[in-house]
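Worksheet: one structure, shown below.
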Amino acid sequence: MALYNPASVTVVESTSSTSTPSTVAASTNSQTIAAANSNRKGLTIWNNSTATLYIDFDSAATTSEAAVPIAAGGYFEMPFNYTGVISGIWSAANGNALVRELT
321 MALYNPASVT
331 VVESTSSTST
341 PSTVAASTNS
351 QTIAAANSNR
361 KGLTIWNNST
371 ATLYIDFDSA
381 ATTSEAAVPI
391 AAGGYFEMPF
401 NYTGVISGIW
411 SAANGNALVR
421 ELT
């Protein structure tokens, strides 16, 4: 059986030159962790709290249906170029989230 080798593919990786830090105080009410930003190339979140932070990729996070739970002291990196709003809610209100948005 013959093998087919397609033409070469060029992949251009996205790069960023700006890192904007922000701090979001822990709360047991859903709040915005990062507003929608069409220029976002990446985002990191460090849960600087003793409580679990639950994040979701919409305007309201819940502890029961979150996209990603970040354990106390945990770290999260966006694995793709998502540019929409990110919301979060903690299991207890202590500490904060340290956010870095890359553009």
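Start counting the sequence shown at 321; every next residue gets the next number (this note's numbering).
Using N, Cα and C, we set each Cβ at its ideal position, and we do this for glycine too.
Close CB contacts of PRO341 within its chain, under the 6 Å cut and outside five residues either way in sequence, are with ARG420 (chain order). As computed with DSSP, GLY408 is found in a beta bridge with GLN351, ILE375.
Spanning the alpha carbons of LEU422 and THR338 requires a straight line of approximately 6 Å. Look at the beta carbons and you see the stretch 328-337 not touching the stretch 346-355: under three pairs across the two are nearer than 8 Å.
When beta bridges are read from the DSSP output, THR364 appears opposite GLU397, ARG420. Straight-line spacing of the CA atoms in TYR374 and ALA346 works out to 11 Å. An exposed status is given to ALA327, since fewer than 16 other beta-carbon atoms sit within 10 Å of its beta-carbon. When secondary structure is reduced to three states using DSSP, PRO389 falls in the strand class. Annotated three-state conformation of SER337 is coil, per DSSP. In the structure shown, SER384 falls within a coil segment according to DSSP collapsed to helix, strand and coil.
The C-beta of PHE396 has 16 or more other C-beta atoms within 10 Å across all chains shown, which makes the residue buried.
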